[in-house]
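Protein chains in written order, with this note's numbering: chain H, 1 to 256; chain W, 1 to 256; chain B, 1 to 256; chain Y, 1 to 256; chain V, 1 to 256; chain R, 1 to 256; chain D, 1 to 256; chain X, 1 to 256. We put the beta carbon where it would ideally sit given N, CA and C, even for glycine. Owing to the predicted nature of the structure, the values given are computational and were not obtained by experimental measurement. Below: the structure, in C-alpha cells.
8 protein chains.
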Amino acid sequence: MELKNILRQVKEGSTDLVNAENQIRSMGYVPVSDIAKLDTFRKYRTGFMEAILAEGKEAEDIVEIVRAHNETAGRTLITRINEEQASAIRNAFKPENIEWDMHSRTAVVHDGTPALKTGGTVAIITAGTADIDVAEEARMAASEMGCSTIQIYDVGVAGFQRLISEMSVFEENRPDAIVVAAGREGTLPTVVSSLIDAPVIGLPVSIGYGAGAKGEAALLSMLQSCSILSVVNIDAGFVAGAFAARIANSIAEARK
Amino acid sequence: MELKNILRQVKEGSTDLVNAENQIRSMGYVPVSDIAKLDTFRKYRTGFMEAILAEGKEAEDIVEIVRAHNETAGRTLITRINEEQASAIRNAFKPENIEWDMHSRTAVVHDGTPALKTGGTVAIITAGTADIDVAEEARMAASEMGCSTIQIYDVGVAGFQRLISEMSVFEENRPDAIVVAAGREGTLPTVVSSLIDAPVIGLPVSIGYGAGAKGEAALLSMLQSCSILSVVNIDAGFVAGAFAARIANSIAEARK
Amino acid sequence: MELKNILRQVKEGSTDLVNAENQIRSMGYVPVSDIAKLDTFRKYRTGFMEAILAEGKEAEDIVEIVRAHNETAGRTLITRINEEQASAIRNAFKPENIEWDMHSRTAVVHDGTPALKTGGTVAIITAGTADIDVAEEARMAASEMGCSTIQIYDVGVAGFQRLISEMSVFEENRPDAIVVAAGREGTLPTVVSSLIDAPVIGLPVSIGYGAGAKGEAALLSMLQSCSILSVVNIDAGFVAGAFAARIANSIAEARK
Amino acid sequence: MELKNILRQVKEGSTDLVNAENQIRSMGYVPVSDIAKLDTFRKYRTGFMEAILAEGKEAEDIVEIVRAHNETAGRTLITRINEEQASAIRNAFKPENIEWDMHSRTAVVHDGTPALKTGGTVAIITAGTADIDVAEEARMAASEMGCSTIQIYDVGVAGFQRLISEMSVFEENRPDAIVVAAGREGTLPTVVSSLIDAPVIGLPVSIGYGAGAKGEAALLSMLQSCSILSVVNIDAGFVAGAFAARIANSIAEARK
Amino acid sequence: MELKNILRQVKEGSTDLVNAENQIRSMGYVPVSDIAKLDTFRKYRTGFMEAILAEGKEAEDIVEIVRAHNETAGRTLITRINEEQASAIRNAFKPENIEWDMHSRTAVVHDGTPALKTGGTVAIITAGTADIDVAEEARMAASEMGCSTIQIYDVGVAGFQRLISEMSVFEENRPDAIVVAAGREGTLPTVVSSLIDAPVIGLPVSIGYGAGAKGEAALLSMLQSCSILSVVNIDAGFVAGAFAARIANSIAEARK
Amino acid sequence: MELKNILRQVKEGSTDLVNAENQIRSMGYVPVSDIAKLDTFRKYRTGFMEAILAEGKEAEDIVEIVRAHNETAGRTLITRINEEQASAIRNAFKPENIEWDMHSRTAVVHDGTPALKTGGTVAIITAGTADIDVAEEARMAASEMGCSTIQIYDVGVAGFQRLISEMSVFEENRPDAIVVAAGREGTLPTVVSSLIDAPVIGLPVSIGYGAGAKGEAALLSMLQSCSILSVVNIDAGFVAGAFAARIANSIAEARK
Amino acid sequence: MELKNILRQVKEGSTDLVNAENQIRSMGYVPVSDIAKLDTFRKYRTGFMEAILAEGKEAEDIVEIVRAHNETAGRTLITRINEEQASAIRNAFKPENIEWDMHSRTAVVHDGTPALKTGGTVAIITAGTADIDVAEEARMAASEMGCSTIQIYDVGVAGFQRLISEMSVFEENRPDAIVVAAGREGTLPTVVSSLIDAPVIGLPVSIGYGAGAKGEAALLSMLQSCSILSVVNIDAGFVAGAFAARIANSIAEARK
Amino acid sequence: MELKNILRQVKEGSTDLVNAENQIRSMGYVPVSDIAKLDTFRKYRTGFMEAILAEGKEAEDIVEIVRAHNETAGRTLITRINEEQASAIRNAFKPENIEWDMHSRTAVVHDGTPALKTGGTVAIITAGTADIDVAEEARMAASEMGCSTIQIYDVGVAGFQRLISEMSVFEENRPDAIVVAAGREGTLPTVVSSLIDAPVIGLPVSIGYGAGAKGEAALLSMLQSCSILSVVNIDAGFVAGAFAARIANSIAEARK
C-alpha cells in the first residue's frame, strides 16, 4: 500500500515532510468491489475519520466495507444500523470486537486497536428524553474521535431549574465544545449558549407533531437564534459529535 | 335604531330577557354605503368589539366607517394605518378625539366617550426592541377593551437575567393574562410560560432574515412549545391583545 | 423530600410564605434513573400539571416515570399511548387505578387520589366525527385539571343548522372557555367565535387529503381567522384542553 | 378572412354545418407583429372569449393587440392594467369606446359593438371590503360574457347575520352560478355553498398577513371544504367570473 | 319525522310553499348515536346529496350511519372504503342492495330505491391509466346524482393523437360538464379546456414521485392554467363528479 | 395495422415520404382493453421509445400491455416493478426473454429481438453507493435506446481524489453525454460539469434525512448550479438515461 | 501568457497533445483586482464559455472584468444588466463593439472578433408573449456559442392550432436541440417534446400570480412531465441556451 | 456600577473567585431608556461580545445604545446599518472613532480602546464575487473578537483550479477555523471541508434566482453535506465570524 511507501521515503529522507503530507492528503482510497471507494485517509487530510452510514446499504456490503476499512484504520464507526444489518455484523465479527450503542443504532467494530484519547472534552445536553437516541450518536462520534464526554439529559426549559442545577458539573469539568440536542421548539441551545462559555453546536431532533414537526421548528429556531450557535441538520448526531470533537481536539492539541 | 326598540320592549315588559338577548346577538349591523356592513353589536354577542383594519381600505372609506361605528359605540380602534390614511383621519376628526400610538400605527377615534375600565390586567412582554411595534398594537387592544396593562420590553433569553430581574414586578401586580411577543427564534413565550402562573398567548413577530425569517421560526417554535401556550398569527398584535383582554375581563367580572 | 420540609417550615413559621412559594417555584424536580427529570412542581409554579407524552418513550420507562410522578402528585395523565405501552401500563397498575379514554389513546393512572374539582367549565366542540379522537384528548386534559366538560360533536358548517340547534345547551350551562376541534378547512372555530360569548381556542385536526391536508389548511385558516381566536398546534388536544382549563380555573377561582 | 369564406360556403351549401364548425374550431388565429398570435376564434371553440392580460406586456403592444382583436370581435376585455398602460389605452381609443372598472384595473374597449346579453345570471359575494377589487374583475368578466350580475359585498362569517339577511335577494332573483371571493381564512364559500342551491366557485383573495397570508389559507381552506365547491387560483377574478358565466350561459341557452 | 309534517301542512294548505321550503332548507338533521349528525336534507337545500366519507370512521359506525341515511334518502353513496369497512358493509346489507366500484373503493347502498335520472351528461377523461381510480369516484358521484356518464381514459398529451381521436364521441353525445383527471404534470385539463365547448373541472391525482409529486404539480398547473378551468383538491373525485353533475343537472332542468 | 398500409403505399409510390412520415407521427396508438392506449409510434415521432412505468398498475395489466407493445416493438422496458408485478412477469414470459436489473427494479421483456446499437456512448457517474439503484435505471434506459454505457460509482466530492483518478477512463472512451446521480447535497454534477467536455444531466436521488432530505437539496443545488447543467426530477433515472441517450444517438447518427 | 507557451511547446514537439490539453483544462484563470478570478479557459475544458452575470456586481467591476476577459477571448456575454450597469458599459466601450438585446437585458462586448459559427441549430419556442424576455437570453447564449437560431413565439396550448401551424418551419430547417420557455402552468414543453424529434430543454419562466406563481408551477410541471424533458431553473435563459448549444455543437461537429 | 463592587470585593478578599465569576455571569445588564436592556457582560459569560443589529432600530436609539455600550466595553460592533442610521452614527461620533466596512454595512464605534488581539486566526473563503458582502461581515466580527483574518474570494468550484491554487497560502499560515460563504448551489464548503484540516463553518448567501433562490439551496446543500460542516443561517455573517473566532480564541488561549 502506498501509505507505507510514502512513510518509508520519509524515513529514508528521500522525500520531505511537506511533500509527503500533501501526497497523503490528496491521493488515497481503497476500492471495495464495485460498490464503494473508501476514503481511508480522510483523517490525515481533514481531521475527521471516515464513518459508515449503514442506511441504504446492503448488509453484506457493510461487512465488506468494515473489513476493508479496519485494515487501514483498525476501528470503524457505523451509524444508523437496522435489524438485518446488525445481525450481519454480529455474524461477521467477534463480540469482543464490537461496541454497540443500542439507543442510537450505532456500533464500532475494531480489530483490537484501542480508541484514541486526545484529551478533548465534549458535553452532550438534551432537552428531553426523546432526544437521547440522537444525542448518543453524537456521543459515540465524539468518543471515537478521542474525546471524553459529559452527558446531561432531559433538562429542557419547560422546567428551567433542572438545567441550572445540572450545569454545576461544568465547574470542575469544563467542556471544550457542547452539543445541545432538542426537538419540538428547539429552545435549549439558545439558552445554553447564552449561559455557558464554550462553543455550542445545535442538534435538532426529529420529534414533535403538527406544524414544524420532525425537527423543522427546532432547526429554524436554532438558525434564528439570538444567541451565537452553529447548527447541523436534523438528527445528524454523527456530524454534531464529530464537529464538536474536531474543535475539542484542536484545543487539546494546543494545550499540549 | 333597532337596539333601542329592543331595550324599550324589555323595559316595558313586552319581551323577555332571553329573547331580547338573542335578538341582539343575531341581528344587528350597520351598512356603510355599498362597501361595508358594520357588525356594531359584536361586543354584545362575543365580548369582542369590532375594530377597523385599515390595511387595504381607501382613506375616505375608513373615515366614513369610523363615523358610522362611533354613532353606536362612541369609540373606534383602527389598526395598521398608513401615512395617507393617517392624514385623512387627522383631517376628519378633532385632535382631542384621537389617541395615536405611533409605534404600532394604531389609533382610537372617539366622540368623548371614555374608555372602558373592566378591572382586568394584561401584561405585554417582548424579547427584543424590534418586537415593540407589534407589542404596542396588543397593548392598545387590551387597553381599549378595558384592561390596565403592564409592559416589560427587551428581556429575551440571550440575556436571561434580564427577564428574571424584571419579572419581580408581577409580585405586587399579578396579570390575569400575558402576551409575549418575540421574533427570530421565538423562545421567550416558552420560557415565560414555564415560570409564571398565568395563561400566556404567544405573539410571533415578523423579524429576522434567512431560513425561518419573518416570524416563521417564531410561530412554529411557539406551536411546538413544550410549555403550554396558545398562539396567534405573526404580527397579529390586535388579536393577541384582544384575546388576553377577553380572558382578563372574564376573570375581573368573576371577581366582582 | 424537600416540598415537605418547606411546608413544615411554613407551618413552624421559620419561613414566610413568599419565600416558601419562591422556593417551590424554582427548585423542584425528581430524577428518574438517567432518562428523565420530572418537573413535579410545575403545577405550583404555572398552574399546569406535568403530563407524560408517551410517544417516543420506552414502555418500561413510562411505567417508572408514572410511579415517580404519582408519589408526589397522586394522579398522572398519559397521552398518545401505543399498544405496547398500554399493555405495560395494564400490567403495572391495578385496573381500578387506571382511567382509559380509548378514542384518544389517553389514560390517567392514580393511587386512589380523586380528580380535582375546580368549578370551571370547558366546552369541547367538533366539526366532524373524525375530530372526536383529538377532542377527547382535550376533554381528558380539561377534566384532569378539575373542570367539568360539555361535548358537542359533529356540528360543522356544511350543515350549519346543527350547530345553531345544539348551542342552546349553553343557555343553561355557560362555558368559561371553548375548544373547537376541526380538520379539513377548519371553519368551525371562526363561526363559533363569532357567535358565542367565551374565549375560543382553535384546535386543528390532522384529517383531510390533498393540498392543505393533515390539518395544514385548518391551522392556517384558524390563524387567519377574522373572528378572534387563539390557536394550538395540529392534534395538540392536550395543550388546547389544558389551556382552556387554565382560563376556566382562573375564572372559577375569581368567582369564589 | 377565412371565417367569412367558411360562412359563405355554409350559406351556399358547399359545406355542411359540422364541417364548418370543425374548421372554425381548429384553425383560426391572428398574428400581431412578432409578439402575439391572437386566438380570436376561441369563443366559437370553447365558449370563452379571448381576454388580454395586461400584466407583463408593453403598453404599445396592448394597444396593437386590442386593435387587432376588435377587428374580429368588436369588444376586448383587458385585465390587470397598470398606470402606464391605462394612459396608452386612453390615448389610443375614444372615451366613449372604453368602459373602465377602476377597482379591478379592468377595461373593455369596443368599436360600438354592444355587450352580449345571454340571459344568464351570476352572483358575486365577498367576505370583506378588501375583496371587492378582485370580485369586480369577476363581475366584469361575467358581464362581458353576457350575464347579468348581482353583487353582495362584506358579508363574511365574523358577522354571520349579514349574510343571512342579504341572501333574501336571491328569493326573487335566482343566480345560475355564484362566485364567492374571500381572503384571510376563506370561510365564506364553504358557508354559502352549504346554504344555497347553485354551484359555487371559490375565489381566494391575496389579503391577510402572517402564516397563510396572501390568499394561501383561503385557497387551501376552499380546496379542503366540507361543502362542495370548485376553486380558481388566488386573485383569478377573470377566471372565476368567466367560469361562472360559462355555466350560466349553458343554463340560459337550455332555458330557451 | 318533521319533513312529513311540513309536507302535510303544505297539502292541507296550512303553510305556503315558500315557507315550507325554507323550513326544509334550514332545519333538518338526524342524530346517529353520539357520533354523527346526518344532514339528510342537504339535497333539498343545496342540490348536493350527503355522502359518507368512510376514511377515519369506525366500520360499525358507517353501517349505522348508512341505515339512518337510507331511511330518509333510500340510497347512500360511501367513498374511500377500506377492507375492514367493506366487510362490515357486506355483512350488514344484502348483495342486491349494494353497488360496488372496486377501482375507487366506492359503494352505493340502497333499499331498492332506483338511482335518479336527471337527463344531465358528464364526461370523465383521464390522462393515464393510474388516474382511473380517482376518475371512477367522480363517475360514481355524477351517476348517483342522476347523470349519464361518458368515460375516455388514458389520453394524456404525451401521445396527443389519442385525445383528438377519442373526442369524436362528443359529436353525437355532447357533455354538459367535463371532469378531467390527471396526475404528474396535470397538462390534460388545460388542453381539453382549450378544445371543447363545455365547462371543465380539473381533478389532480396524487401520482408521480420527486418534486411536485403526489398531485402537487398537477394541482398548481391546473390553478395556473392559461385555459379557463375550475379545480378541486387532489384526489377529490367525489367533489369533482358532484360539482360537474350539479352543473349538468341545472342545464338538464332548464332544457325541460 | 395501419403502419403496414402506410409503408405499402410508400413502396407502391401511392404516397410520398413526407406525407407518410407525418401520418406515422400523428396517428398511431394501440388500445389495450379499456385501461390503456399504447403510443407505439412514439419512437418514430420523438426519438424516444414508450416505456412502461409499473408503479400504480395492476400486475395482469402490465403483462397485457407488454404483450401488446412487443407485437409492434419487439422489446419493452418496464420500470419500478414491485414484487407482485415481478412474479406476474416471470410467470407470463420465458426466462430467456427477460433481462432483469435487480438494483433498479427494471426489466426488459423481448420476443428475441436484440437491443438496438446506435454507436452512442453514455457515462453514468454516482456520488455514493446509495445512488446506484437510480443510476442503474438510467443505465438500462440508455442501453435499451442503443447506447453503450460507462459506469463510475461512489466518487463524491467528500473524497475528491476518487473522481479525478477514475475520470482517466474518459481519455480513451469519450462519452457523448453524462448522467451524474447524487443525493444529499447533490454537489457532484456541478463539479463534473466544470471539469469535463460533455453535456451533463443532473439526476437527484432521494436519499438523505433532515432538512432538504429525499433529494430536495440535491435537486435545488443542481438547479442553482454555477456550472451549466440540465436536470431531471428526483429519482427519474429513466428520464435521465433516455435524455442522455437521445443526445448521444443524435451525435452518433451525425458521425455516420 | 501560459496558453501561448503551451501551444508553442506543442508546435515545437516538446510536449504531446494529451499533456497540453490536460494543462489547459486544469490550470488557467485570470485574477481581476481582488474581486474576481476569471475562468478564461473554461471553453477549452468544458465546451462552455465563461459569461458574466451582472446581477449583484458593481458597474465598474463589470467593465474591468469584461476588459480582462476580452483580452483572452475577444468576446464577452453579459447577462441581467441593470440600467446603471448598462450606462457604464456604454461609456466604457465603443457602440460598434457592443451588441445589445434589450428584451433580455443581455449584451455582447467584443474587440472586433466575430462570433463563432459552429453549424449547430437551436430552436427557441415560447408559450406566451411574456416569456419572450427569458427566451431572448437563451437565444443570445446559443448564438454566442456559435449556433444559428429559430424563434417561434406565443404558441401556447390555450390556442393549440398556433403551434401545429408554426411547427411546419421545422420541415426544412431541423433543429438539433429545442428550448421551450413557458410560465404559468408550463404545459408547452411537454406537448412539444411529444411531437418533435429533437431533445427538448424546458425553461420555466417567472410569470403568473397566486399559487404556483413565479414559475413554480411551470418548473414542477416540467419536472413531472410524462414526455421526456430535461429542465433548467426558472428564468435561467442563459443555461438553457448554452446547454442546447452544447448539444447542437456536438452534433454539428460530428456531422463534419 | 455593580461590576466594580464585585471586583473590589475580590481584591479585598471579601469574596472568592468562583462566587465573583458567577455573579458577573448571571446578573449584569444596562437599561437604555425603555427600549433596550444591554447585556454588557455577555463577553464574560459566554465568550461572545454583544453586537448591535441595526436592522429595525431607530437611528437615534442606535446612537444611544452605542454610547451606553461603549461606557462598559470601549468598542461596539454594529451590523446591517442603513443609510439613515449611518448618517446618525457619523453625526454622533468623531471620524477617528469609527471603522467602517462599506461592503457589509458594518461599523465599529470605539472610544480609542484598541481592538483585542487574541492570537487566533480565521480564514474567510467565498465562492463568488457576490458573496463578498456577507463574507466581510464575518471578517469584521472575527477581527473584532481579536482574530487575524485571511481572505480568499471568488474560488467557487465552477473553476476548481482557482481554489487549489489559492489554498497554498494555508501552508504557512494555518487557520484555526474557516468560514466558507457561498450562494446559489452552496457547493464550496463541502469541497473545502473535504480538503482542509480545520473546522469549517458554512455560511449560505442569499443570492441566486428561481427555485432554491435567496440562499435556500445553499443552506440545504450545506446541511446535507457529505463532508463534516456546521452551518449558520443565510447571510448570518456576524454569527459565522463570531463562532469561528470563538473556536480560534479557545485554541489560541490553549496555545499560550
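{"Check": "Closer than 8 Å at the beta carbon, the chain C residues around residue 184 of chain W", "Outcome": "In the structure shown, chain C does not exist; the protein chains are H, W, B, Y, V, R, D and X."}
{"Check": "Best match in H:186, H:158, H:229 for proximity to residue 194 of chain W [C-alpha to C-alpha]", "Outcome": "H:158"}
{"Check": "Residue 14 of chain D - DSSP class collapsed to helix/strand/coil", "Outcome": "coil"}
{"Check": "Three-state class that DSSP yields for residue 105 of chain X in the structure shown", "Outcome": "coil"}
{"Check": "Sequence-distant residues of its chain with Cβ nearer than 6 Å to residue 135 of chain H (five each side left out)", "Outcome": "124, 126, 181"}
{"Check": "Residues near residue 1 of chain B by beta carbon distance below 8 Å, same chain, minus five either side", "Outcome": "Note on residue 1 of chain B: pLDDT 31, under 50, position unreliable in the model; no value is reported."}
{"Check": "Residue span of the alpha helix (DSSP H) that contains residue 80 of chain W, given as start and end", "Outcome": "Where residue 80 of chain W is concerned, there is no enclosing alpha helix (DSSP H), given that its DSSP letter is neither H nor E."}
{"Check": "Interface positions of the segment 112 to 133 of chain B facing chain W (Cβ-Cβ less than 7 Å), listed along the chain", "Outcome": "none"}
{"Check": "Contact set between residue 194 of chain H and chain X, taken where Cβ atoms lie within less than 7 Å", "Outcome": "46"}
{"Check": "Residues bridged to residue 9 of chain V (per DSSP)", "Outcome": "Looking at the DSSP assignment, residue 9 of chain V forms no beta bridge with any residue, so it has no partner."}
{"Check": "Distance between residue 74 of chain H and residue 113 of chain H (C-alpha atoms, nearest Å)", "Outcome": "5 Å"}
{"Check": "Residue 233 of chain D classed as buried or exposed, judged by whether at least 16 other C-beta atoms fall within 10 angstroms", "Outcome": "buried"}
{"Check": "Own chain partners of residue 187 of chain W with C-beta closer than 8 Å, once the 5 adjacent residues on each side are dropped", "Outcome": "127, 156, 157, 221"}
{"Check": "Residue from V:62, V:205, V:248, V:228 whose Cα sits closest to the Cα of residue 104 of chain V", "Outcome": "V:205"}
{"Check": "Distance between residue 50 of chain X and residue 229 of chain H (C-alpha atoms, nearest Å)", "Outcome": "14 Å"}
{"Check": "Backbone CA spacing between residue 270 of chain Y and residue 248 of chain Y [nearest angstrom]", "Outcome": "The shown model of chain Y, from 1 to 256, leaves out residue 270 of chain Y, and the question about it has no answer."}
{"Check": "Contact under 7 Å by Cβ, residue 129 of chain D with residue 175 of chain D", "Outcome": "no"}
{"Check": "Residue range of the unbroken alpha helix (DSSP H) whose run includes residue 189 of chain X", "Outcome": "188 to 195"}
{"Check": "Rounded straight-line distance, which links the Cα of residue 178 of chain X to that of residue 149 of chain X", "Outcome": "10 Å"}
{"Check": "Residue 141 of chain W beta carbon less than 7 Å from that of residue 48 of chain W", "Outcome": "no"}
{"Check": "For residue 152 of chain H and residue 131 of chain H, the rounded distance between their alpha carbons", "Outcome": "11 Å"}
{"Check": "Cα-Cα separation between residue 82 of chain B and residue 54 of chain B, rounded to whole angstroms", "Outcome": "8 Å"}
{"Check": "Contacts of residue 88 of chain X in chain W (Cβ-Cβ under 7 Å)", "Outcome": "Simply none; closest approach about 16 Å."}
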